[in-house]
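Here is the structure we will look at.
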Amino acid sequence: MKVLVVGSGGREHALVWKIAQSPRVAEVSCLPGNAGIAQLARLIPGKAEDVAYLLTVARAERPDLIVIGPEGPLAAGASDALTESGFKVYGPTRRAAEVETSKAWCKEFMVRHGIPTAAAEIFDDAVAAHGYVESVGAPLVVKASGLAAGKGAIVCATAGEAHEAISSIMEAKTFGEAGRTVVIEEYLEGDEVSILAFAAGDRYVPMVPSQDHKRVFDGDRGPNTGGMGAYSPVPSYTPEIAERVQREIFGRALPALVAEGRPYVGVLYAGLMLTRQGPKVIEFNARMGDPETQVVLPRLDSDLVDIMEASITGSLRPGMVSWSPRAAATVVMASGGYPGKYHTGLPIHGLEETSTLDSVLVFHAGTAFDAAAPGKAGGGAAPVKTSGGRVLAVTALAGDLRGAVARAYAAVSKIRFEGAHYRKDIAARAIGRLGT
Ligand code: AMP
Ligand code: GLY
């Protein structure tokens, strides 16, 4: 069969890598992809969010399955339009994806259905929002309701910071229309964990837990990013907590989405805070996480294409999903300056060397071929250059977390590009708690 993957990041490289392993798959194409994905799939240029263009490509290519990676095309209605045209699509409809694309809608949905989450108020009016901050005080979290590339949640330690956040989101419109409505919520304390689940209507199968590192610098300092690294499993995620997450979160959310006429097919991502009162939802995402995917999919023993097809046809069963007991860690190598301004077009060295390492997978995020370089004209492999903020996600697997992390950093040390930076403490806290 032919599979078309939509997207261009490290998540999509991991998806393409896993899909290409299915014995049923003869060909994978990716729109638009990147230099790493090009080793496994045929790249189709173009914009992933352009639904009319996606339809044109799908009609020309006739894929047997279309997998949508990022939230942009889902928010634009790609899944609805492609499904209406007769394609098998893995990824939720626009209305189901509102779990991610409207934090205000999602908060009300969670409250309606008794899904544990931070207490919150919703505001369309900046004056009222400022007044609310005055009445409740800090700490608080101010969130733009719409999509803001992972940067729309501002944790405020003081009322002053919360006022600034409201002004920036609602008055200066830092995130544009995404900040027309804000959600102001209670600050939750605890460990964060990402639980992704294969979902199909009211059926679902949770994946192994993972933890992202959202801040740019070691020790969780500096601004939020798209994610600087991840690991799996998460030792603090006990079977008791897992059982509660299934019962109170996925077990409530998925039937409720069906009941509200928004049946969900795709990966539902729950970003959780493990608080003293139990697990609470920080956010839902309508897709796999990035970089969580780069540690979760390498642990999946089953055929991902079978799981996706079964989800679409309504025959998803827990027995279809099995996991490797090995641990995985991924270290994101980012461009100098990211998450602020950064340069692109810088040559990346050392990729060849890492391609032969045991249990190491270098997933590309912001990379492209250097068309101007002599290697391509000479017929050899074209050199790869940076083309985004997050450039690579270097994943390794081993018998335990400590081994996976050591292996990932050994691979990272072989890769160089000007200005490259990465966190040195991926999984360090979890490993510290495990002891020797
Ligand atoms: P979000 O975009 O909603 O995932 O938020 C980004 C990050 O902000 C999360 O990963 C948390 O670290 C933090 N955050 C969001 N909401 C809360 C909350 N209610 N309490 C504490 N931290 C939060
Ligand atoms: N890693 C966080 C996200 O994908 O939203």
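The sequence shown begins at -15 in our numbering and counts up by one. Using N, Cα and C, we set each Cβ at its ideal position, and we do this for glycine too. Here the structure is a predicted model, which is why all the values come from computation and not from measurement.
query, result
"Pick from Arg79, Arg391 and Glu336 that is closest to Gly20, judged by C-alpha positions", "Glu336"
"Other residues of its chain near Thr277: CB distance less than 6 Å, five sequence neighbours each side excluded", "Arg(-5) and Ala(-2)"
"Bridge partners - Phe401, DSSP secondary structure assignment", "Paired residue(s): none; Phe401 is not in a bridge."
"The stretch 84 to 104 contacting the stretch 151 to 171, beta-carbon criterion three pairs below 8 Å", "yes"
"Terminal residues of the beta strand (DSSP E) in which Arg199 lies", "Arg199 to Phe201"
"Lys87 burial status per 10 Å Cβ neighbour count (16 or more: buried)", "buried"
"Sub-8 Å separation of Ala162 and Ala132 beta-carbons", "yes"
"C-alpha gap between Gly136 and Pro207, whole angstroms", "11 Å"
"Proximity of Thr338 and Lys398 at Cβ, strictly below 8 Å", "yes"
"Where Leu49 falls, given that 16 or more other Cβ within 10 Å makes a residue buried", "buried"
"Neighbourhood of Val218 by C-beta, 6 Å cutoff - its chain only, sequence neighbours within 5 removed", "Val177, Pro193 and Gln195"
"contact_flag[the stretch 376 to 396, the stretch 406 to 419] where n(CB pairs < 8 Å) is 3 or more", "yes"
"Tyr253 (DSSP reduced to helix, strand or coil)", "strand"
"Coil, strand or helix - Glu176 by DSSP", "strand"
"Residue from Asp409, Ser119, Gly211 and Pro16 whose Cα sits closest to the Cα of Tyr37", "Pro16"
"Runs of beta strand (DSSP E) wholly within the stretch 21 to 107 (minimum 3 residues, chain order)", "49 to 52 and 104 to 107"
"Length of the line joining the Cα atoms of Val120 and Glu155", "21 Å"
"Straight-line Cα distance separating Val117 from Gly367", "The sequence shown places Pro at residue 367, rather than the Gly named in the question. One C-alpha to the other measures close to 52 Å."
"In chain order, each beta strand (DSSP E) run of at least 3 residues that lies wholly inside the stretch 211 to 293", "213 to 216, 249 to 259 and 262 to 269"
"Residue environment, Glu227, which counts as buried when at least 16 other CB atoms sit within 10 Å", "exposed"
"Proximity below 8 Å, CB of Arg213 to CB of Arg400", "Per the sequence presented here, residue 213 reads as Gly, with Arg not at that position. Contact: no."
"Of the residues Lys(-14), Gly334, Phe353 and Arg43, the one placed nearest Arg328, counting alpha carbons only", "Looking at the sequence shown, residue 328 is not Arg but Thr. Taking only the C-alpha atoms, the option nearest Thr328 is Phe353."
"Status (buried if at least 16 other CB within 10 Å, exposed otherwise) for Ala349", "buried"
"Ser129 versus Leu341 - alpha carbon distance", "43 Å"
"Residue environment, Ala380, which counts as buried when at least 16 other CB atoms sit within 10 Å", "buried"
"Inter-residue CB distance, Tyr248 and Asn269 (contact presumed, cutoff 8 Å)", "Contact doesn't hold; Cβ gap of about 12 Å is too wide."
"Endpoints, beta strand (DSSP E) assigned at Ile138", "Ala137 to Cys140"
"Where Arg374 falls: helix, strand or coil (DSSP)", "strand"
"DSSP three-state assignment for Leu330, whether helix, strand or coil", "coil"
"Residues near Val242 in its chain [Cβ-Cβ closer than 6 Å; skip 5 each side]", "Gly185 and Asp186"
"Separation of Ala411 from Val200, as counted between CA atoms", "14 Å"
"Proximity to Gly(-9) [Cα-Cα], best of Lys2, Met(-15), Gln5 and Gly30", "Gly30"
"Secondary structure of Lys2, DSSP reduced to three states", "helix"
"Identity of the residues DSSP links to His147 by a beta bridge", "Note: His147 sits in no beta bridge, so no partner."
"Thr297 in three-state terms, based on DSSP", "helix"
"Separation of Gly334 from Cys90, as counted between CA atoms", "44 Å"
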